[in-house]
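Following our numbering, the numbering of the sequence shown begins with 34 at its first residue and continues without gaps.
Backbone N, C-alpha and C fix where the C-beta goes; we use that ideal spot for every residue, glycine too.
Fair warning: this is a prediction, and the values are worked out from it, not measured in the lab.
Here is the structure we will look at, set down as C-alpha cells.
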Amino acid sequence: MPMKGRFPVRRTLRYLSQGDVVFKSAVKVMTVNYNTAGELSEGARKFVFFNIPQIQYKNPWVQIMLFKNMTPSPFLRFYLDNGEQVLVDVEDKTNKEITAHIKKILGKSKETLEKEEKERKKLSHPATFGPKKYHLRECMCEIEGQVPCPAFVPLPKEMRGKYKAAMKNEASA
Numbered sequence: 034m035p036m037k038g039r040f041p042v043r044r045t046l047r048y049l050s051q052g053d054v055v056f057k058s059a060v061k062v063m064t065v066n067y068n069t070a071g072e073l074s075e076g077a078r079k080f081v082f083f084n085i086p087q088i089q090y091k092n093p094w095v096q097i098m099l100f101k102n103m104t105p106s107p108f109l110r111f112y113l114d115n116g117e118q119v120l121v122d123v124e125d126k127t128n129k130e131i132t133a134h135i136k137k138i139l140g141k142s143k144e145t146l147e148k149e150e151k152e153r154k155k156l157s158h159p160a161t162f163g164p165k166k167y168h169l170r171e172c173m174c175e176i177e178g179q180v181p182c183p184a185f186v187p188l189p190k191e192m193r194g195k196y197k198a199a200m201k202n203e204a205s206a
C-alpha cells in the first residue's frame, strides 16, 4: 500500500492498534466539539487528528461525530446506553491529557481487558470441542482433513465395526 496523503502513518495497522482507549460497553456515541483555529482548541485538534483513528479502531461499536467551529470552547460528550450523557471539558488540555482522562472515566481497566483477552483465547483454542455457545467447533469432523461426520456422510465399509467383525468371522470359518 503506498504511503500517500497527509500523515499516512495514522492509517497503518501498527499505529491504529497502539491506541489504549477501549470504552466500556455502555458508551454508544462520542461527539467531539472543537474549533479549527485558536489556542484553546489546539489539544482537541491534535486529539482528533492523532487519537480519534485509534479510538475508532479499538471501539468499532461506538459512533463518533465531529463538530467543527460550532462552539466557543472545545468539549467531548459521550452518550451512554441508559440515556445518560457525560460531558468532558478539553479546553487548554493536550491530546495526551485528553486521552488519559477519557481512559480513566470511561475506559475499561487493565484487569478487565486481560480477563476478556483470556476468555477470548480460551474460546478460540482449536483443540476444544463442545456446544457452539462455548467452543469454536462442535465436532472433530468440522476440521478440514478429518474423517467426515457419520451423521452426514456414511463411513466406508472398511471402517465400520460390523463389517470388520463379519470379515473376521468369514476368514476364520
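Proximity of GLN96 and GLY52 at Cβ, strictly below 8 Å: no
As assigned by DSSP and simplified to three states, the class of GLN96: strand
First and last residue of the uninterrupted beta strand (DSSP E) at LYS136: It is not in any beta strand (DSSP E) - LYS136 instead sits in the alpha helix (DSSP H) that spans 128-139.
Contact with chain D by VAL60, beta-carbon distance below 8 Å: Of the chains in the structure shown, none is chain D; there is only one protein chain.
Range of the contiguous alpha helix (DSSP H) that encloses TYR48: 46-50
Close Cβ partners of PRO107 (< 7 Å) along its chain, the five nearest in sequence each way excluded: ASN66, TYR67, ASN68, LEU73, SER74, ALA77, VAL123 and GLU124
Endpoints, the alpha helix (DSSP H) within which GLN87 is located: Here the alpha helix (DSSP H) through GLN87 covers 85-91.
CB of GLU171 within 8 Å of CB of PHE162, strictly: yes
Range covered by the beta strand (DSSP E) that runs through MET63: 60-67
Beta-bridge partners of TYR112, as assigned by DSSP: VAL62 and GLN118
C-alpha gap between LEU99 and THR64, whole angstroms: Here the alpha carbon of LEU99 sits roughly 6 Å from the alpha carbon of THR64.
LYS79 versus HIS134: straight-line alpha-carbon distance, rounded: 15 Å
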